[in-house]
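See structure below.
Number of protein chains: 2
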Amino acid sequence: MRIALDAMGGDYGPEELTRGALLAVKQTGLQITLVGNQPVLQAHLDSMYSGASGESDIQIVHASEVVEMGESPVDAIRKKKDSSVMVAFDLVRQGQADAAVSAGNSGATMAAAVRKLGRMEHVSRPGIASIFPTLKKPVVMMDVGANVDCRPQHLFQFAVMASAFSHVFDIERPRIGLLSIGEEVGKGNLLVKETYTRLAASSLNFVGNVEGRDVFQGNVDVIVCDGFVGNICLKLSEGLASAAMQMVKDEIMKSTAAKIGYFLARPAFRAFARRVDYAEYGGAPLLGVNGIGIICHGKSSAEAIKNAILEAVKMVDKKVNQRIVLGLAANALDEETMD
Amino acid sequence: MRIALDAMGGDYGPEELTRGALLAVKQTGLQITLVGNQPVLQAHLDSMYSGASGESDIQIVHASEVVEMGESPVDAIRKKKDSSVMVAFDLVRQGQADAAVSAGNSGATMAAAVRKLGRMEHVSRPGIASIFPTLKKPVVMMDVGANVDCRPQHLFQFAVMASAFSHVFDIERPRIGLLSIGEEVGKGNLLVKETYTRLAASSLNFVGNVEGRDVFQGNVDVIVCDGFVGNICLKLSEGLASAAMQMVKDEIMKSTAAKIGYFLARPAFRAFARRVDYAEYGGAPLLGVNGIGIICHGKSSAEAIKNAILEAVKMVDKKVNQRIVLGLAANALDEETMD
Chain A
92 MRIALDAMGG
102 DYGPEELTRG
112 ALLAVKQTGL
122 QITLVGNQPV
132 LQAHLDSMYS
142 GASGESDIQI
152 VHASEVVEMG
162 ESPVDAIRKK
172 KDSSVMVAFD
182 LVRQGQADAA
192 VSAGNSGATM
202 AAAVRKLGRM
212 EHVSRPGIAS
222 IFPTLKKPVV
232 MMDVGANVDC
242 RPQHLFQFAV
252 MASAFSHVFD
262 IERPRIGLLS
272 IGEEVGKGNL
282 LVKETYTRLA
292 ASSLNFVGNV
302 EGRDVFQGNV
312 DVIVCDGFVG
322 NICLKLSEGL
332 ASAAMQMVKD
342 EIMKSTAAKI
352 GYFLARPAFR
362 AFARRVDYAE
372 YGGAPLLGVN
382 GIGIICHGKS
392 SAEAIKNAIL
402 EAVKMVDKKV
412 NQRIVLGLAA
422 NALDEETMD
Chain B
92 MRIALDAMGG
102 DYGPEELTRG
112 ALLAVKQTGL
122 QITLVGNQPV
132 LQAHLDSMYS
142 GASGESDIQI
152 VHASEVVEMG
162 ESPVDAIRKK
172 KDSSVMVAFD
182 LVRQGQADAA
192 VSAGNSGATM
202 AAAVRKLGRM
212 EHVSRPGIAS
222 IFPTLKKPVV
232 MMDVGANVDC
242 RPQHLFQFAV
252 MASAFSHVFD
262 IERPRIGLLS
272 IGEEVGKGNL
282 LVKETYTRLA
292 ASSLNFVGNV
302 EGRDVFQGNV
312 DVIVCDGFVG
322 NICLKLSEGL
332 ASAAMQMVKD
342 EIMKSTAAKI
352 GYFLARPAFR
362 AFARRVDYAE
372 YGGAPLLGVN
382 GIGIICHGKS
392 SAEAIKNAIL
402 EAVKMVDKKV
412 NQRIVLGLAA
422 NALDEETMD
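Chain order of the listed sequences is A and B. With the working numbering applied, the first sequence corresponds to residues 92 to 430, in that order. With the working numbering applied, the second sequence corresponds to residues 92 to 430, in that order.
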């Protein structure tokens, strides 16, 4: 298997991304194509080369441009046809890579994937799923930002796509919850009420509405929402975690006993931080395009990049896209029969 | 000043609520009317009576019915006209109380307030504001659940109402943020984009879009959103805080050093927990009705009830409702002039 890594995107630059690629090849029998500025990437690769097995499985494909973080995604992919993210997805399109991973401009990554790979049959709107840690298994939320104004059929398709993705966590028949403001049928806005009816009538394993407080309980495997709500949930969670950490530190700094206590308990806090760290879970998969793409956080460390690459491998192994095709085709048949 | 307390609602029952009322009268020169089952409340009051000054400032008004937590709000207030929450708001309507506080069924509290007090002039949709702790001053988010499908003018009015409420935190010219999925103009769903234009054209202190991660930073004083999104934010925050606490405890229990460390640092953690505890801030004010009402969390302790009562007092003192009337009247004039 070969994964294309956009080696120019991300807040920490090509060196950190190259290191992530090396971690991934060392851990598995994988081949990786670094896409970006050839001389820069070759220099990083040479400086890290230790002769360990697997390192020769990394190749470089040159791309002359880079999409910057602040650029308009639509403009960027139109103007920068030779950008690292466009070239990475082109490798997937040509069958020269099985998946592409990028920690660059998220909107541009999404746009490049749709442009190069195209939407899957029966998919109205490709979207982005995100993995949330919970008290039990991780939960997959979709959409988290690609589609801000949705109709019920979009949310329905997110349910099918996110369920297929759940197989990377070895979940065979994922429980699907619809994000709303009360558990009872009939609670929620118009979009949620109509989506509820559609999900309840389907053969999916729909368990009903879930509330904001249920997200971290782990009692469902998939949570469906529109991209506006999902993106706010994602960023609110990140913001709350970081503000809480700051508040705890402020309080601890006020007393010597607390400082000593914190020192003793630090391994536990580190274990907790790892448990809630997005990097542990890889990146956010792009679902609904004819190929596999993973969007990583801009602040992804080498470790996070490695996990995203392994996640892409798992998506290939678990045949996530084939499952989406089948799921949506079955639903299309159901709908035709109902007519 | 006299505050009516629905002494039957809430998960901990009349005894805890009565205790909260006593805490409030002891702290201030306030008068409180407990509304509910007279013999039950009298018995609780007698058992707590210590002869301390102020305790005689509590009176009881009988109400023969109670709205249960699971009941449909609309049905409940139609059928149970003599319920404690209806009687409490009737006291406000008659001028026998300056505000009502309830920890019972939130929907029924909202419905009782609207039914008994009526909507303010120029208010299309009364709503519920909620107070979020941040790294700096608390932030007021509105709406958090009363209005799930909104139009731009509703969000605009929430901005005016929540700004008026901010005066209870001694904020003179609150900075208003619009909850969206990117800070730039043009980011967000249709509702947000239209609301942005309206807020930017007004004389309000509108600072632009804010993202989920900004909620806890304290760089704005008011965050405006529809009730669907706001309710999900509120419950997601509660759920994340409680899940994180559980995860930290799980990790600490795995090592003796961590347990000792946690014991030493416990005062710091308690201080943190107080800082993020909704109960410290009182309850969620109902804004847009002709009178003052506060909705408390069902799990409100006596301390939380006391804080909600003090919050109601502050709303009266700071003339929050008069500010809302003026703010909306000024906006109505602006709109007429524009026509």
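The beta carbon of each residue, even a glycine, is placed where N, CA and C say it ideally should be.
Taking 9 angstroms as the Cβ-Cβ cut-off, the stretch 342-368 of chain B approaches chain A at 342, 343, 344, 345, 346, 348, 349, 350, 351, 352, 353, 354, 355, 356, 357, 358, 359, 360, 361, 362, 363, 366 and 367, given in chain order. When only Cα atoms are considered, residue 169 of chain A and residue 207 of chain A end up about 12 angstroms apart.
Secondary structure within the stretch 108-151 of chain B: the beta strand (DSSP E) runs of 3 or more consecutive residues, fully enclosed, are 122-127 (chain order). Between residue 235 of chain B and residue 257 of chain B, the CB-CB gap reaches or exceeds 7 angstroms. For residue 324 of chain B, the nearest CB of chain A lies under 7 angstroms from its own CB, placing it at the interface with that chain.
Neighbours of residue 302 of chain B in chain A, taken as residues at a C-beta separation under 7 angstroms, are given in chain order as 326.
Residue burial is scored here from C-beta neighbours: residue 423 of chain B has fewer than 16 other C-beta atoms within 10 angstroms and is therefore classed as exposed.
Per DSSP, residue 289 of chain A has no beta bridge partner at all.
Excluding the 5 residues flanking it on each side, residue 228 of chain A has same chain C-beta neighbours closer than 8 angstroms at 260, 262, 309 and 312, in chain order. According to the DSSP secondary-structure assignment, residue 233 of chain B is paired through a beta bridge with B/220 and B/315. From the listed residues B/243, B/238, B/194 and B/314, the smallest Cα separation to residue 278 of chain A is found for B/238. Listed along the chain, the chain A residues whose CB falls inside 9 angstroms of the CB of residue 279 of chain B are 239 and 319. For residue 272 of chain A, the nearest beta carbon of chain B is closer than 7 angstroms to its own beta carbon. Excluding residues up to 5 positions away in sequence, 225 lie with their Cβ nearer than 6 angstroms to the Cβ of residue 307 of chain B in the same chain.
In the three-state reduction of the DSSP assignment, residue 193 of chain A falls in the strand class, which pools E and B. Looking at B/421, B/396 and B/416, the one whose alpha-carbon comes closest to that of residue 116 of chain B is B/396. Annotation: residue 351 of chain A to residue 352 of chain B spans about 7 angstroms, alpha carbon to alpha carbon.
For the 7 angstroms CB-CB criterion, residue 193 of chain A and residue 173 of chain A do not form a contact. The DSSP-derived three-state label of residue 95 of chain A is strand.
No residue range can be given for residue 265 of chain B, since it is assigned to no beta strand (DSSP E) and is classified by DSSP as neither H nor E. Contact between residue 195 of chain A and residue 97 of chain A holds, with the beta-carbon distance rounding to 6 angstroms and staying under 8 angstroms. Taking a contact to require three or more Cβ pairs closer than 8 angstroms, the stretch 335-350 of chain B and the stretch 183-193 of chain B do not qualify as touching. Burial is judged here by how many other beta carbons sit within 10 angstroms of a residue's own beta carbon; residue 276 of chain B has fewer than 16 and is exposed. For a cut-off of 8 angstroms, the C-beta gap from residue 217 of chain B to residue 379 of chain B is around 3 angstroms, short enough to register as a contact. By the Cβ rule, the stretch 97-116 of chain B does not count as touching the stretch 412-426 of chain A, because fewer than three pairs are nearer than 8 angstroms.
With a 10 Å radius around the Cβ and a threshold of 16 neighbouring Cβ atoms, residue 420 of chain A comes out exposed.
Taking a beta-carbon distance threshold of 7 angstroms, residue 338 of chain A counts as an interface residue toward chain B. Under the Cβ distance rule, residue 307 of chain A counts among the residues neighbouring chain B, one pair being separated by less than 7 angstroms.
Residue nearest to residue 133 of chain A within the set A/179, A/233, A/318 and A/113 is A/113 (criterion: CA-CA distance).
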